[in-house]
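Before any comments, here is the structure.
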Amino acid sequence: MQTTTITSDTQIQDMLDWALAGKHGLAVQGQGSKVALGRPVAADAILDMSGLTGVLLYEPAELVMKAKAGMKVSEVKALLDQQGQKLAFEPPDYGPLLGTAADMGTLGGIFSTNLSGSSRVKSGAARDHLLGVSGFTGRGQTFQTGSRVMKNVTGYDLCKLVAGSYGTLAIATEMTFKVLPKFDTVRTVLVYDADLRAAIACMRDALSSVHDVAAAAYLPAEAAARIPLDYISKPGKSVIALKIEGPKPSATFRCDAMRKIMAPFGDIEVLHSHNSAEFWSLTGNAAPFVGEKAPLWRLSVPPANADRVMSAIKDEGTDCLYFVDWAGGLIWVQLVSESDDGGEAVIRGAIGAEGHATLIRGSETLRRQIAPFQPVSSTVAMLNRRIKNGFDPENILNPGRMYLDEDGQGTH
Amino acid sequence: MLMPKPNQDVLAKRDYLVTELRRIVADSEAVIDDKDDLRAFECDGLSAYRQLPMIAVLPETVEEISEILTFCAAEGVNVVPRGAGTSLSGGALPLADGVLLGLGKFNKILEIDYENRCMVVQPGVTNLAITDAVKADGFYYAPDPSSQIACTIGGNIAENSGGVHCLKYGLTTNNVLGIEMVTMAGEVIRLGGKHLDAEGYDLLGVITGSEGLLGVITEVTVKILATPEHVSAQLIGFPSSEQAGDCVGKIIGAGIIPAGMEMMDRYAIHAAEEFCQAGYPLDVEALLIVELDGPKVEIEHYSKKIDEIAAACGATVSRTSQNEAERMAFWAGRKAAFPAVGRISPDYMCMDGTIPRSQLPKVLKRMGELSEQYGLRVANVFHAGDGNLHPLILFDANIPGELERCEEFGADILKLCVEVGGVLTGEHGVGIEKRDLMGEMFSEEDLKQQQRLKCAFDPDGRLNPGKVFPILHRCAELGKMHVHNGELPFPDIPRF
Ligand SMILES: Cc1cc2nc3c(=O)[nH]c(=O)nc-3n(C[C@H](O)[C@H](O)[C@H](O)COP(=O)(O)OP(=O)(O)OC[C@H]3O[C@@H](n4cnc5c(N)ncnc54)[C@H](O)[C@@H]3O)c2cc1C
Ligand SMILES: Cc1cc2nc3c(=O)[nH]c(=O)nc-3n(C[C@H](O)[C@H](O)[C@H](O)COP(=O)(O)OP(=O)(O)OC[C@H]3O[C@@H](n4cnc5c(N)ncnc54)[C@H](O)[C@@H]3O)c2cc1C
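Chains as they are written, first to last, in my numbering: chain A, 1 to 412; chain B, 1001 to 1496.
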């Protein structure tokens, strides 16, 4: 397949004209770190956006940055860091998880997949930070939505559609997003040796407290052992982790308060700034599953359901490795036992009507065979199809990456 | 303000429609066709525009809503959903040939779920009632529009409403987890729920802020947060608006995101002080109210920093609330700013645009010039933290021509906002008020792309037509059809 390295808008326009004229599928990709996520795309050419780089605007006092979509997230983070700022949704890096290199993600990729790290519970998802998008629709027309200001309700919020549409609606060339100050102190309170049920209760108490917990995760002993950080792996026990951040006096005070709340749940340790940052980065990137190939699922459920969902999965005799983030709201499950459907039936069955599961890692065969993204109701599927049709009537952008049509044709 | 021409065929079958609608709803009184009774719905908060609906219906169940919409779709009747009618952009303005669908009876709290830190409520529940229901247990719902005592959560979602807490806690869109809604085809769908990040395309994200054009929201799941341990407000006065604006930027630049940061100009300060004796200094040109929340140590830490920053920016007054009563007093003036201004002028129009904060001095100066040009006074109250301006233009509707001048002045202010990199509306919505200005911000193609979304949900354009978009398109012409030289097919459909 031919790859075109995009360095200008004119090139995109040309490629779109070509694709529209001959009904060719185009695979849109940043650094390709997430190509293995979702259904394999039926494309005739690849648009490599990674050459479209550069910061167009950065005003730290206004908490806003605008940059080209091919810009590496790691570079953006480095620039923000110089000003004591950050991307508060903590974009994860699934590169190693999916078998590619680390630090490959681009802005376009991060916002198009709407993936967020552990701070999702407090700071929101990628979509909550996207303020404006410019680019092209699959109609071959330039397209702009949103703005550069924090508060904007002018017209439909199409940024939300772009976020999470995996490049099936539009090719983003410029993204404007909100940035936030970094706190000077980050601490992580750890509680060892609790079971999942106790962990869910502990995380609930923490998040329901006034202490503004920024992230909460639970790693069973098996998963903890795979985190390359002594405080986590060495004890050989399960660990509940709660992140507290803020100006030093506040973080210290809240950390002490949190220790008291958590005391009934087990022995306590505290990670300092450097170790905290390392731990949450490893957790956000699902480090316990790196280096393997087994099907890996990411489940979004009501936090209190996590225990029930895991029991339901295990009751089916499914052998799996898992850990929990977002205070219970996010469950990572890696299948150990063999199954033809990669565990789809068991996992989706366990979730029930509330929540969804995405296959983050699976062989190409598996990703063709099952639905990597949660199937939706027929009415929602129809709405999705019409939305896709409104943006990309000839189905040239990442055809089939998210859903198949009833007739088995790759659409959005 | 031009609205789509009423459809005479629809008007002609009004009696039949009333009879059929009475068959659908259990309570026949819930279908209102008497002119005097319809008066109650003739406008929303933008009272300069009034229109009686053809019929108003106040359903009680989702099944009724579904049947009403199915019926209206089949009969070719337009529908305008309505919450509390506090919209300030005419979003809930009825249509002469339309059914007004009032959601006031959907006022129950269905579930308080502390395990998942969320609540499930019906759309007609007021914003404040959500917080009131969980306050005693130490929780609250963060978005807090000033109208929170009256406005409904359904209306909040339709308008993506915000309030003083937006800076730190986000808008409605950042605090809604799920909805149930009915499409114009009468189909009931659920988007999201108690879990995070709805699956597939983010339909929940686009419904939020869609101003009642995509579907009727019938149930809402919102996130609730633990009430902060302490809250404190700081009152800081400056000899100029520029210095106040500069201070806001420096506070944020220093890494502090206050729970709220509001600014008032001299005009608003004086009006508010006269109205409710908040204890505001009267010898300043601009006043900031900075609210901090969190543990005491954090508030003290930040407060000290803010004091230093303010002093460096030339602040002449800085007072920190010593207790809850004093904090409330600081806010009383800000919260009463609108009615206070209302007392010194027979009428006023509240504008709502957002600008990049650094453009504040330029925008304030230009607004002063426009004020002289139009011969109308303007008072400024705004959400300083996020650049959302609320200029209040004072006028007297009894003086011929003043309303029109006020409208023109308002339009100039909004154009100015866009010119400096901002937007037409920060929280009140486009509605009919800013509809004809949409072209200032979007190209014709951008607007068409937005309308294609409308077509996905409501291909016949039956829900709330005439709002948001300056031109009504037929979905077919937004589809694959080729438009040559701007000559539009279907010349018969309403355009304005
Ligand atoms: C007695 C003792 C107890 C410890 N307990 C814990 C614990 O409970 N949890 C935990 O996570 N770590 C613990 N550590 C490890 C220590 O915190 C690490 O050195 C850690 O890298 C500090 O980084 P920080 O970012 O948390 O520093 P901060 O707590 O933010 O700052 C502490 C000071 O340490 C200095 N510092 C920061 N990083 C380094 C570094 N890499 N090398 C040398 N100096 C540095 C800085 O100058 C800074 O002023 C302990 C160390 C000691 C000696
Ligand atoms: C004094 C005052 C102060 C205000 N302050 C603020 C403020 O600080 N911040 C702010 O954002 N706004 C503010 N507003 C504006 C207004 O209160 C908000 O826009 C509010 O969200 C409207 O809610 P409502 O229930 O009154 O909706 P309505 O006015 O009844 O309707 C508004 C729009 O929502 C649609 N709609 C209503 N319910 C539904 C539903 N269930 N399904 C689908 N569509 C629906 C309507 O069709 C209409 O387009 C203020 C208004 C007033 C009068």
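Cβ atoms here follow ideal geometry from the backbone N, Cα and C, with glycine treated the same way. All figures in this text were calculated on a predicted structure; none of them were measured in a lab.
Residues of chain A with a Cβ closer than 9 Å to the Cβ of Ala1226/B are, in chain order, Leu207, Ser208, Ser209, Val210, His211, Asp212.
Phe373, Gln374, Val376, Ser377, Thr379, Val380, Leu383, Asn384, Arg386, Ile387, Gly390: these are the residues of the stretch 367-390 of chain A whose beta carbon lies less than 7 Å from some beta carbon of chain B, given in chain order. Under the criterion of beta carbons closer than 8 Å, Ala353/A and Gln374/A do not qualify as touching, at roughly 11 Å. Under the 10 Å beta carbon count, His1473/B is surrounded by 16 or more other beta carbons and is classified as buried. In summary, Ile1149/B is exposed, with fewer than 16 beta-carbon neighbours lying within 10 Å of its beta-carbon over all protein chains present. Around Arg1357/B, the beta-carbon contacts reaching into chain A at under 8 Å are Ala61, Glu62.
For Leu1287/B, the closest C-alpha among the options Glu1273/B, Glu1324/B, Thr1061/B, Asp1197/B is that of Glu1273/B. Contact of Ser1210/B with chain A is assigned, a C-beta pair being separated by under 7 Å. In this structure the stretch 63-74 of chain A lies against the stretch 162-181 of chain A, because at least three pairs of beta carbons, one per stretch, are closer than 8 Å.
Of the residues Val1231/B, Ser1318/B, Gly1155/B, the one whose Cα lies closest to the Cα of Ser1089/B is Gly1155/B. At a Cβ-Cβ threshold of 7 Å, Cys1455/B and Leu1424/B do not count as neighbours. Rounded to whole angstroms, Lys160/A and Gly1279/B show a C-alpha spacing of 43 Å. Phe1457/B reaches chain A at Leu383, counting residues in chain order whose Cβ is nearer than 7 Å. Cβ atoms of Val336/A and Ile313/A stay farther apart than 8 Å, at about 11 Å.
DSSP places Thr1131/B in the uninterrupted alpha helix (DSSP H) bounded by 1127-1135. Under DSSP, the beta-bridge partners assigned to Ser1232/B are Leu1292/B. For ligand 2, no non-hydrogen atom lies closer than 6 Å to the CB of Ala1272/B.
Residues of chain A with a Cβ closer than 8 Å to the Cβ of Glu1180/B do not exist, since the nearest Cβ in that chain sits about 12 Å away.
Between Phe1395/B and Asp1347/B, the gap from beta carbon to beta carbon is short of 7 Å. Using a CB distance cut-off of 7 Å, Pro1295/B counts as an interface residue toward chain A. Annotation: the continuous beta strand (DSSP E) that includes Phe143/A extends over 142-146. From the listed residues Thr1152/B, Asn1116/B, Glu1115/B, Ser1146/B, the smallest Cα separation to Ile1130/B is found for Thr1152/B.
Val1206/B reaches chain A at Tyr156, Asp157, Leu158, Lys160, Leu161, counting residues in chain order whose Cβ is nearer than 8 Å. Taking 7 Å as the CB threshold, Thr1425/B lines the interface with chain A.
DSSP places Glu245/A in the uninterrupted beta strand (DSSP E) bounded by 239-246. Per DSSP, Cys1166/B is one residue of the alpha helix (DSSP H) stretching across 1166-1169. Contact annotation: Asp128/A and Asn1174/B have beta-carbon atoms nearer than 7 Å.
With a cutoff of 7 Å on beta-carbon distance, Gly1253/B and Pro60/A are scored as near each other.
Neighbours of Ile1309/B across chain A, judged by C-beta separation under 7 Å, do not exist; the nearest C-beta is about 11 Å away. Assignment of His356/A by DSSP, reduced to helix, strand and coil, places it in the strand class. Nearest in C-alpha terms to Glu1445/B, of all of Val1430/B, Ala1379/B, Asp1202/B, Pro1470/B, is Pro1470/B. Assigned with DSSP and collapsed to three states, Gly84/A falls in coil, not helix or strand. Counting the other CB atoms within 10 Å of its CB gives Gln1451/B a total of 16 or more, which places it among the buried residues.
Note that the C-beta distance between Phe279/A and Ala194/A is not below 7 Å.
Take Arg197/A, set aside five residues on each side of it, and the residues of its chain with a beta-carbon closer than 6 Å to its own are Asp307, in chain order. Within chain B, no C-beta atom comes nearer than 7 Å to that of Phe111/A; the closest sits roughly 12 Å away.
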